[in-house]
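Below is one structure; the comments refer to it alone.
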Amino acid sequence: MEKIYAFDVDGTLTSPREPIKPEFNQVFLEFARTNLVYLVTGSDRKKIAQQLPEETIDACFGMFTCSGSELWAGERLIYRKEHDFPEGLLTVVEYLIDSSSYEYRFGNHIEHRPGMLNISTAGRNATLSQRKAYHAWDSIHHERLEIVDALQECFPMYEFSAGGEISIDIVPKGWTKAVAKTEIEQRHPHGSITFFGDRTGHGGNDKPLADALATDPRHRTVSVGSYLNTWALLQLMTQRLAA
Ligand code: M1P
Numbered sequence: 121m122e123k124i125y126a127f128d129v130d131g132t133l134t135s136p137r138e139p140i141k142p143e144f145n146q147v148f149l150e151f152a153r154t155n156l157v158y159l160v161t162g163s164d165r166k167k168i169a170q171q172l173p174e175e176t177i178d179a180c181f182g183m184f185t186c187s188g189s190e191l192w193a194g195e196r197l198i199y200r201k202e203h204d205f206p207e208g209l210l211t212v213v214e215y216l217i218d219s220s221s222y223e224y225r226f227g228n229h230i231e232h233r234p235g236m237l238n239i240s241t242a243g244r245n246a247t248l249s250q251r252k253a254y255h256a257w258d259s260i261h262h263e264r265l266e267i268v269d270a271l272q273e274c275f276p277m278y279e280f281s282a283g284g285e286i287s288i289d290i291v292p293k294g295w296t297k298a299v300a301k302t303e304i305e306q307r308h309p310h311g312s313i314t315f316f317g318d319r320t321g322h323g324g325n326d327k328p329l330a331d332a333l334a335t336d337p338r339h340r341t342v343s344v345g346s347y348l349n350t351w352a353l354l355q356l357m358t359q360r361l362a363a
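Residue numbers 121 to 363, in this note's numbering, belong to the letters of the sequence shown in order.
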């Protein structure tokens, strides 16, 4: 059976929004060159290119961005799905951002991406230290999970998930990372998929893919705590595959 490996990026190959560590990149690049690897991220291509070298993206068989609304092979766009989000949803999102009890706002609170919205009460213009401060606050106050649950109740035709450190991804129902399973299976009907993700729990944006993979015994999900876990596992797997 063809072995396929799929990796989330933020929190799984890198710290959220940070570049991959050069030493880990060497390990991952070698793994991607010798195995069939896909990336599956909520982020867009521009952001991932700030975090992974182009040669690493190129070494992967494909990269699903915007939660599976785009598929890239290196710099070639294979497909893109778009969606117009309704005014009503945007109004509620604006209200929730305005009424957040987090005391700082850094700008760029609603980002439109192909097939998805990314929203953040702190704002995407937060610097690395500002995003870490919000993330620490959110870990205590659980604002993002509360917003996810509230929006999910009001808008059942959409799916909401907390991805990286400061934001929430919004997609039309079914346009989650689970799309990657369907797309990979179409391209590799006899493949077994092993997916590495850090947000596989309640409200996390890796959960829909992990849940979809769990319906088929050929596939499995490895939940990691950070890129350091992924790094250690890849080193172990590389040694085993070589033995
Ligand atoms: O890939 C995980 C998430 O990474 C970013 O999240 P944040 O800015 O909150 O750390 C975003 O690009 C988000 O869309 C993505 O899901």
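Beta carbons are placed, not taken as given, at the ideal position from N, Cα and C, and that holds for glycine.
Residue i vs residue j beta-carbon contact at 9 Å
i, j, result
"Leu133", "Thr350", "yes"
"Leu329", "Arg340", "no"
"Phe184", "Val157", "no"
"Arg137", "Glu285", "yes"
"Glu305", "Gly311", "yes"
"Ser343", "Gly317", "yes"
"Leu323", "Arg251", "Correcting the residue identity first, residue 323 is Gly in this sequence and not Leu. No, they are not a contact pair."
"Leu354", "Phe226", "no"
"Leu209", "Tyr278", "yes"
"Ile124", "Thr176", "no"
"Asn325", "Ser187", "yes"
"Val212", "Phe148", "no"
Where the alpha helix (DSSP H) containing residue i begins and where it ends
i, result
"Ser259", "248 to 261"
"Ala352", "347 to 362"
"Ala126", "Where Ala126 is concerned, there is no enclosing alpha helix (DSSP H), although the beta strand (DSSP E) it sits in stretches over 122 to 127."
"Ala344", "It should be pointed out that residue 344 corresponds to Val in this sequence rather than to Ala. Neither: Val344 is in no alpha helix (DSSP H) and is coded neither H nor E."
"Ile230", "Looking at the DSSP string, Ile230 is not in any alpha helix (DSSP H); the run it does join, the beta strand (DSSP E), is 230 to 233."
"Asn155", "No alpha helix (DSSP H) contains Asn155, which DSSP labels as neither H nor E."
"Gly165", "Per the sequence presented here, residue 165 reads as Arg, with Gly not at that position. Segment 165 to 171, the alpha helix (DSSP H) holding Arg165."
"Ile304", "299 to 307"
"Gly208", "207 to 218"
Closest by C-alpha distance to residue i, when choosing among the options
i, options, result
"Lys297", "Gly283, Pro309, Arg307", "Gly283"
"Ile168", "Asp258, Ser135, Arg153, Leu156", "Ser135"
"Leu237", "Ser312, Leu353, Ser163", "Ser163"
"Asp178", "Arg200, Tyr199, Thr154", "Thr154"
"Leu216", "Leu159, Ile267, Val129, Thr320", "Ile267"
"Ser259", "Pro276, Asp331, Tyr222", "Tyr222"
"Glu202", "Ala352, Arg307, Trp295", "Trp295"
"Thr320", "His261, Gly345, Ala362, Ala352", "Gly345"
"Lys293", "Leu271, Glu231, His262", "Leu271"
"Tyr224", "Pro276, Arg244, Ile313, Tyr347", "Arg244"
"Asn145", "Thr247, Met121, Glu174", "Glu174"
"Arg200", "Glu214, Arg233, Thr247, Arg307", "Arg233"
"Gln171", "Asp289, Tyr347, Leu356", "Tyr347"
"Pro309", "Leu356, Asp336, Ala362", "Asp336"
"Glu143", "Leu361, Ala352, Thr247", "Ala352"
Cβ distance (whole Å) where residue i is taken to contact residue j below 8 Å
i, j, result
"His255", "Thr241", "About 12 Å; that fails the 8 Å criterion."
"Gly235", "Ser189", "3 Å"
"Ala126", "Ala300", "6 Å"
"Thr161", "Asp204", "About 23 Å separates the two Cβ atoms, so there is no contact after all."
"Met121", "Arg307", "The Cβ separation is near 15 Å, so there is no contact."
"Ile239", "Ile313", "That pair is no contact at about 29 Å."
Bounding residues of the beta strand (DSSP E) (the contiguous stretch that carries residue i)
i, result
"Ala193", "190 to 193"
"Asp289", "288 to 292"
"Gly182", "182 to 185"
"Ala282", "278 to 282"
"Tyr199", "196 to 200"
"Ile239", "236 to 239"
"Thr335", "First-last for Thr335: undefined, no H or E at that position."
"Thr176", "Looking at the DSSP string, Thr176 is not in any beta strand (DSSP E); the run it does join, the alpha helix (DSSP H), is 174 to 179."
Interface flag, residue i vs chain D, CB-CB below 9 Å
i, result
"Leu265", "Among the chains of the structure shown, chain D does not appear; only one protein chain is present."
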